[in-house]
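Engineer: Mind the numbering: the sequence shown is residues -21 to -1, 1 to 183 in mature numbering (1 follows the signal peptide of the UniProt record, and there is no 0), read in order.
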Amino acid sequence: MIIRRLAMPLLTVALVTISSGCGTTTHPVAGDGPLPSPVEEVQGRWWTWASSEPEKTNPVADPTGRFCDRNQPDDVWFLAGTFGGTVTRTCAVPAGRPIVVPLVNLVGDRVSCASFMASAEGSAVLDGNAVTPERLESDGVSVTGVEGNPLTGTSGSQDYHACGLWVRLPPLAPGEHTLVLRGASEDFTTGVDYTLAVTAAPRA
C-alpha cells in the first residue's frame, strides 16, 4: 500500500462539526457563500485533484504557486501543502470559490491512518486570524491519478483510506489575503505561506 503524507494544506480550509469530533470556528475576512459540500467528499476529491498532474507540474511539489490552478473543479478551489518542509506560494483564486486545503494528510490503510492521526496537529491563520482545523478520521476513498504523479505514482483508480486535518473556507472577498498553514504528524512536518489574490468576478 502506498502511503503519502501531505499538508495542505488542507489543504489540508467557519468549519462544521462532524461525527468524528471536530471543532467549530468563524470565518475571518471571508466573503458570502457556501462551504464546499459535502464534507464526506472532501478527501477523495482533493486526492484525485492532487494526483491529476505529473510531478513536474504538480501543485504539491510546486515551490512558488505557479501550478496552483491546474485541474481545478468549477465548484471549489483546492490548495496544496508540501511533501515536507515549508514553502512560500502566490496563487490567484477566482472570486466566489470556496477553498479546501489540508494541513497534514495521508492515504494508506485504516491502521496507518489511526497511527497518523494519533499525533497529527496543525494550524491555519487567515489574514492574522486563527482558523480551527477540521479533523477527518479514516475514510474510504477512490483516487484517480495520472501516470507519473508523485502521490499515487500510477494512472487509474485505486482505493485507499484517507485521513487528515483540513480547513474549509467559504469564498473570500476580492483582494489579497494571507493564509499560513502548518502541519505535523510524528516526524513529518510541512507548511505553506500563501498569498491569495482573489480576483473579482467579471461584470455581466
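Each residue gets a CB set at the ideal place from its N, CA and C atoms; glycine is no exception.
Label Glu113 either buried or exposed according to how many other C-beta atoms from any shown protein chain fall within 10 Å of its C-beta, with 16 as the threshold for buried.
Structural biologist: Residue 113 sits at position 134 when you count from the first residue of the sequence shown. So Glu113 ends up on the buried side.
Engineer: Could you tell me if Arg45 is buried or exposed, where buried requires 16 or more neighbouring beta carbons within 10 angstroms of its beta carbon?
Structural biologist: Taking the sequence shown and counting its residues from 1, the one referred to as residue 45 is at position 66. The residue is exposed, with fewer than 16 neighbouring Cβ atoms inside 10 Å.
Engineer: Does DSSP put Arg24 in a helix, in a strand, or in coil?
Structural biologist: What you label residue 24 is simply residue 45 of the sequence shown in a count that begins at 1. Reduced to three states, the DSSP call for Arg24 is helix.
Engineer: Just checking, does the region 82 to 90 make contact with the region 122 to 142 on the three C-beta pairs under 8 angstroms criterion?
Structural biologist: Enough Cβ pairs lie closer than 8 angstroms, so yes.
Engineer: Nearest to Val80 by alpha carbon, out of Val159, Thr168, Thr178 and Ser164?
Structural biologist: To locate residue 80, count along the sequence shown from 1; it is residue 101. Comparing Cα positions, the closest option is Val159.
Engineer: Quick test of your reading: Pro153 and Thr178, contact by CB under 8 angstroms. State the CB separation rounded to the nearest angstrom.
Structural biologist: Position 174 of the sequence shown, counted from the start, is the residue given in the question as residue 153. Position 199 of the sequence shown, counted from the start, is the residue given in the question as residue 178. With 8 angstroms as the limit, Pro153 and Thr178 qualify as a contact, their Cβ atoms being about 7 angstroms apart.
Engineer: Is the beta carbon of Thr36 closer than 9 angstroms to that of Ala171?
Structural biologist: Along the sequence shown, one-based indexing puts residue 171 at 192. Along the sequence shown, one-based indexing puts residue 36 at 57. With the sequence shown as reference, residue 171 is identified as Val, and Ala is not the correct amino acid for it. No, the pair does not count as a contact, with Cβ atoms beyond the cut-off.
Engineer: Expressed to the nearest angstrom, what Euclidean distance is found between the alpha-carbon atoms of Thr133 and Thr174?
Structural biologist: Numbered from its first residue, the sequence shown carries residue 133 at position 154. Numbered from its first residue, the sequence shown carries residue 174 at position 195. Roughly 31 angstroms between the two C-alpha positions.
Engineer: Consult DSSP for Glu165 and reduce its assignment to one of helix, strand or coil.
Structural biologist: Along the sequence shown, read from residue 1 onward, the residue named residue 165 stands at position 186. Here Glu165 sits in coil by DSSP.
Engineer: Does the separation of the CB atoms of Gly60 and Val122 fall below 9 angstroms?
Structural biologist: Start at 1 with the first residue of the sequence shown, and residue 60 comes out as number 81. Start at 1 with the first residue of the sequence shown, and residue 122 comes out as number 143. Taking 9 angstroms as the Cβ cut-off, Gly60 and Val122 do not qualify as a contacting pair.
Engineer: Given this structure, state the Cα-to-Cα distance separating Val55 from Glu20, to the nearest angstrom.
Structural biologist: For the purposes of this step, residue 55 is taken as residue 76 along the sequence shown, with counting starting at 1. For the purposes of this step, residue 20 is taken as residue 41 along the sequence shown, with counting starting at 1. Near 12 angstroms, if we compare the C-alpha coordinates of Glu20 and Val55.
Engineer: Is Leu82 near Leu130, with beta carbons less than 9 angstroms apart?
Structural biologist: If you number the sequence shown from 1, residue 82 lands on position 103. If you number the sequence shown from 1, residue 130 lands on position 151. In this structure, Leu130 does not lie closer than 9 angstroms to Leu82 by Cβ.
Engineer: Just the C-alpha distance for Thr43 and Thr69, rounded to the nearest angstrom, thanks.
Structural biologist: What you label residue 43 is simply residue 64 of the sequence shown in a count that begins at 1. What you label residue 69 is simply residue 90 of the sequence shown in a count that begins at 1. Cα to Cα, Thr43 sits roughly 6 angstroms from Thr69.
Engineer: For Pro33, tell me which candidate among Asp53, Ala71 and Glu126 has the shortest Cα-Cα distance.
Structural biologist: As a working note, residue 33 is residue 54 in the sequence shown. Nearest of Asp53, Ala71 and Glu126 to Pro33, Cα basis: Glu126.
Engineer: Looking only at its chain, what residues have a beta carbon closer than 7 angstroms to the beta carbon of Ala74, apart from the 5 residues adjacent to it on each side?
Structural biologist: Taking the sequence shown and counting its residues from 1, the one referred to as residue 74 is at position 95. For Ala74, where only same-chain residues beyond five positions count, the Cβ hits under 7 angstroms are Pro150, Pro153, Val177, Thr178, Ala179 and Ala180.
Engineer: Whole angstroms are fine: how far does the CA of Val120 sit from the CA of Ser164?
Structural biologist: The residue given as residue 164 occupies position 185 in the sequence shown. The residue given as residue 120 occupies position 141 in the sequence shown. Going by the C-alpha atoms only, they are around 21 angstroms apart.
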